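Counting from 1 along the sequence shown, just add 9 to a position and that's the residue number in this note's numbering.
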Amino acid sequence: VEAIAEITHRRKALFIVGVDPLSLGIVRPPGSYEADIVVGDAQPLGLGLNYGGPYLGIFAIRWDRKLVRQMPGRLIGLTKTVDDSEYGFTMILQTREQHIRREKATSNITSNEALMAVAAAAYMVLLGGSGLRELARSIWLRSHYAAKRLGELEGVKAPQFSGGFFKEFTARFPKPYNSIHRALLEKGIMGGLSLADKPPLMDEYSALFCITEAHSMKDIDRLVEAIGEML
């Protein structure tokens, strides 16, 4: 990753990294390898799937005044009261704001997901640093257990590729996956996502699986055993 960052910066471009926020409980933070901008989806931080939304996005940057002034949305900073007795939050860099710059304000490019932000903040506070690390390890162990179990089935390659993964991996089956998926649904099991429409690396034999803390080891065993009966 450092090599990619070096090449990017040598070309005077911004190094932008997309992350799963929960994965940061066990992997290095993007700032440690010179990321300029970090983006991610905060849905895993205690938010329900809600049939597709509303969700919460993560957008963070390294300290650079030029980048800060180009950020979308409102910026809230931590400050102290006049007598230094308490902390408080206030809007910062207000010259970027709508009440000053009107139609040129960068805060015009935003949406209000405050409710989602409060829910995600409460979730992270309840877990704490050690809880987030434990959760990340749990997800990693479960997903790798699922890949290992699937890979033990005759004709199945899981994971399909050799790179590292956190909670999502692809698997390749000896028969078209859609037929397996339909059979799983009849058993009340929501299997992986068919990748038949994702050529050239994927085809009708490939599927994407996502394993999280919501899946127990028994759930994984049931999935693998059901697929094994169909092969």
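Glycine included, every Cβ here is placed at the ideal spot set by N, Cα and C. Treat the numbers as computed from the prediction; the structure is a model and nothing was measured.
Between the CA atoms of residue j and residue i - distance to the nearest angstrom
{"i": "Leu87", "j": "Gly160", "result": "50 Å"}
{"i": "Glu222", "j": "Gly66", "result": "21 Å"}
{"i": "Val127", "j": "Pro185", "result": "43 Å"}
{"i": "Gly2", "j": "Asp206", "result": "Because residue 2 is not part of the residues shown, which for the chain are 10 to 240, the question remains open."}
{"i": "Ala155", "j": "Phe98", "result": "44 Å"}
{"i": "Arg158", "j": "Arg191", "result": "21 Å"}
{"i": "Pro39", "j": "Ala131", "result": "23 Å"}
{"i": "Asp50", "j": "Arg151", "result": "21 Å"}
{"i": "Gly173", "j": "Ile46", "result": "22 Å"}
{"i": "Ala235", "j": "Leu58", "result": "26 Å"}
{"i": "Ile16", "j": "Glu163", "result": "42 Å"}
Beta-ladder partner(s) of residue i, from DSSP
{"i": "Asp50", "result": "Gly66"}
{"i": "Glu43", "result": "BP columns for Glu43 are empty, so no partner."}
{"i": "Leu87", "result": "Phe98"}
{"i": "Pro217", "result": "Sequence inspection shows Leu at residue 217; the Pro mentioned does not correspond to that position. According to DSSP, Leu217 bridges with Thr179, Leu202."}
Residue i, DSSP secondary structure in three states
{"i": "Val28", "result": "strand"}
{"i": "Tyr60", "result": "helix"}
{"i": "Thr17", "result": "helix"}
{"i": "Arg246", "result": "Residue coverage of the chain in this structure runs from 10 to 240, which leaves residue 246 outside it and unanswerable."}
{"i": "Ala223", "result": "coil"}
{"i": "Leu162", "result": "coil"}
{"i": "Leu23", "result": "coil"}
{"i": "Leu240", "result": "coil"}
Assigned exposure category for residue i - 16 Cβ within 10 Å defines buried
{"i": "Phe24", "result": "buried"}
{"i": "Ile189", "result": "buried"}
{"i": "Asp92", "result": "exposed"}
{"i": "Leu124", "result": "exposed"}
{"i": "Val233", "result": "buried"}
{"i": "Tyr96", "result": "exposed"}
{"i": "Ile220", "result": "buried"}
{"i": "Ile13", "result": "exposed"}
6 Å Cβ shell around residue i - same chain, five flanking residues per side excluded
{"i": "Ala44", "result": "Phe24, Val26"}
{"i": "Ile101", "result": "Leu84, Gly86"}
{"i": "Met199", "result": "none"}
{"i": "Gly201", "result": "Ala216, Leu217, Phe218"}
{"i": "Leu141", "result": "Gly34"}
{"i": "Leu76", "result": "Ile70"}
7 Å Cβ shell around residue i - same chain, five flanking residues per side excluded
{"i": "Trp149", "result": "Ile35, Phe175"}
{"i": "Ser32", "result": "Ala145, Phe175"}
{"i": "Ala114", "result": "Arg105, Glu106, Gln107"}
{"i": "Pro53", "result": "Asp29, Pro30, Leu31"}
Sequence-distant residues of its chain with Cβ nearer than 8 Å to residue i (five each side left out)
{"i": "Lys5", "result": "Residue 5 is absent from the model: the chain starts at 10 and stops at 240."}
{"i": "Leu194", "result": "Gly200"}
{"i": "Arg78", "result": "Leu102, Arg105, Thr115"}
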